[in-house]
Amino acid sequence: MVAHSNVADNAAADSRARDQPQNHEAPQRHREAISDPQNHEAPWRHREALPDPQNHEAPRRHREALPDPQNHEAPRRHREALPDQNRFPIFQSDQDFRTITKTTALLERSGFYWGPLSVEEAHAKLKAEPLGTFLIRDSSQKNYFFTLSLKMQSGATSVRINFKRSRFSLVGSEESFDCLFKLLEYYTSCPKKSLGKPLRKEKLQPLQDLCRKRIIQTFGRENLDSIPVNAVLKDFLSSFPFRI
Numbered sequence: 001m002v003a004h005s006n007v008a009d010n011a012a013a014d015s016r017a018r019d020q021p022q023n024h025e026a027p028q029r030h031r032e033a034i035s036d037p038q039n040h041e042a043p044w045r046h047r048e049a050l051p052d053p054q055n056h057e058a059p060r061r062h063r064e065a066l067p068d069p070q071n072h073e074a075p076r077r078h079r080e081a082l083p084d085q086n087r088f089p090i091f092q093s094d095q096d097f098r099t100i101t102k103t104t105a106l107l108e109r110s111g112f113y114w115g116p117l118s119v120e121e122a123h124a125k126l127k128a129e130p131l132g133t134f135l136i137r138d139s140s141q142k143n144y145f146f147t148l149s150l151k152m153q154s155g156a157t158s159v160r161i162n163f164k165r166s167r168f169s170l171v172g173s174e175e176s177f178d179c180l181f182k183l184l185e186y187y188t189s190c191p192k193k194s195l196g197k198p199l200r201k202e203k204l205q206p207l208q209d210l211c212r213k214r215i216i217q218t219f220g221r222e223n224l225d226s227i228p229v230n231a232v233l234k235d236f237l238s239s240f241p242f243r244i
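Note that full-length UniProt numbering has the sequence shown beginning at 1, numbered continuously upward.
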């Protein structure tokens, strides 16, 4: 009876297994890797790398590198490298750079350097001035650094100042100097007296500058070290050692 009962139980279990519907779903560990046939989107782990077919913009990581078609300016990283049409000419050597840098600083100190003044403006300022009055301004020609504008018998005129091999000269003249102010002193003291007084922005010069000018006229800049004054005054005299 016991053996017959076990056989009957096994037969009943087999019958129940056949009647139960089969589950064709994949095991849980594999189901996440199988895409939904009704879902045409790429699996979640791949979707971020695919471009949106409705979005014609470049992916975010590339968009910043693309130029704006509506912006005709050069990219910022290139704009600073573009040449400026108003800049001075390129320096040919380190010595040229140091000379022009020092000259510009002295011009700022002089009071008769007018910077980027146009030729029309310069001549207008000199129109009512005495003969020989002059000023220094930036040259409008990109091959030159500075221009001398002066009042002559025929009216105001301008002469470009040539700078070559760290020496200054007026265009058309063979006289050259290692300092722009030596050039000006030469033409203010020559017999023809081509240059007179400079046209300064401030008509009234400080008393210190007038005293400095008088001391240098009396002793000469080459003798400043022998003048019996303290070191502070010597430094002041040496900061602008010219008779202009």
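Every residue gets a Cβ at the ideal spot worked out from N, C-alpha and C, and that includes glycine.
Taking the alpha-carbon positions, what's the residue i to residue j distance?
i      : j      : result
Trp114 : Asn230 : 33 Å
Arg165 : Gln205 : 34 Å
Phe242 : Leu233 : 15 Å
Arg221 : Ala156 : 31 Å
Leu107 : Thr218 : 22 Å
Glu175 : Leu207 : 33 Å
Tyr186 : Ile161 : 14 Å
Val159 : Val171 : 7 Å
Thr188 : Ser226 : 26 Å
Leu237 : Asn143 : 33 Å
Pro89  : Gly196 : 29 Å
Leu183 : Ser154 : 23 Å
Ser194 : Thr101 : 27 Å
Ala124 : Lys201 : 14 Å
Phe112 : Pro191 : 23 Å
Phe181 : Ala122 : 20 Å
Glu64  : Ala128 : Caution is warranted here: a pLDDT of 44 is assigned to Glu64, below 50, making its placement in the model unreliable, and no coordinate value can be reported.
Phe91  : Ile244 : 27 Å
If you follow the beta strand (DSSP E) that residue i is in, where does it begin and where does it stop?
i      : result
Ser169 : 167 to 170
Asp138 : 134 to 138
Phe163 : 155 to 164
Lys151 : 146 to 152
For the candidate residues the options, whose alpha-carbon lies nearest to that of residue i?
i      : options                        : result
Ser118 : Gln141, Pro130, Thr133, Lys192 : Gln141
Leu199 : Leu237, Ser110, Phe146, Lys164 : Ser110
Gln95  : Asp178, Leu170, Leu183, Asp225 : Asp178
Glu120 : Thr103, Phe112, Ser139, Lys102 : Ser139
Phe145 : Leu210, Lys125, Thr104, Cys190 : Thr104
Please classify residue i as buried or exposed, where buried requires at least 16 other C-beta atoms within 10 Å of its C-beta.
i      : result
Ser93  : exposed
Arg98  : exposed
Ile136 : buried
Leu210 : exposed
Asp84  : Low confidence applies to Asp84: its pLDDT is 46, below 50, so where it sits in the model is not reliable, and the reading given next is rough at best. The residue in question, Asp84, is exposed, as its Cβ has fewer than 16 Cβ neighbours within 10 Å.
Taking the alpha helix (DSSP H) that residue i belongs to, which residues open and close that run?
i      : result
Lys234 : 231 to 239
Asp209 : 207 to 219
Ser93  : Careful: Ser93 lies outside any alpha helix (DSSP H) and carries neither H nor E.
Ala128 : Ala128 -> no alpha helix (DSSP H), and no H or E assigned at all.
Phe181 : 180 to 189
Does the pairing of the stretch 148 to 161 with the stretch 130 to 139 give three or more beta-carbon distances under 8 Å? The stretch 148 to 161, when compared against the stretch 130 to 139, does touch it at the 8 Å Cβ threshold.
Decide if the stretch 209 to 225 is in contact with the stretch 159 to 173; the criterion is three or more beta carbon pairs, one per stretch, under 8 Å apart. With the rule of 3 Cβ pairs closer than 8 Å, the stretch 209 to 225 does not count as touching the stretch 159 to 173.
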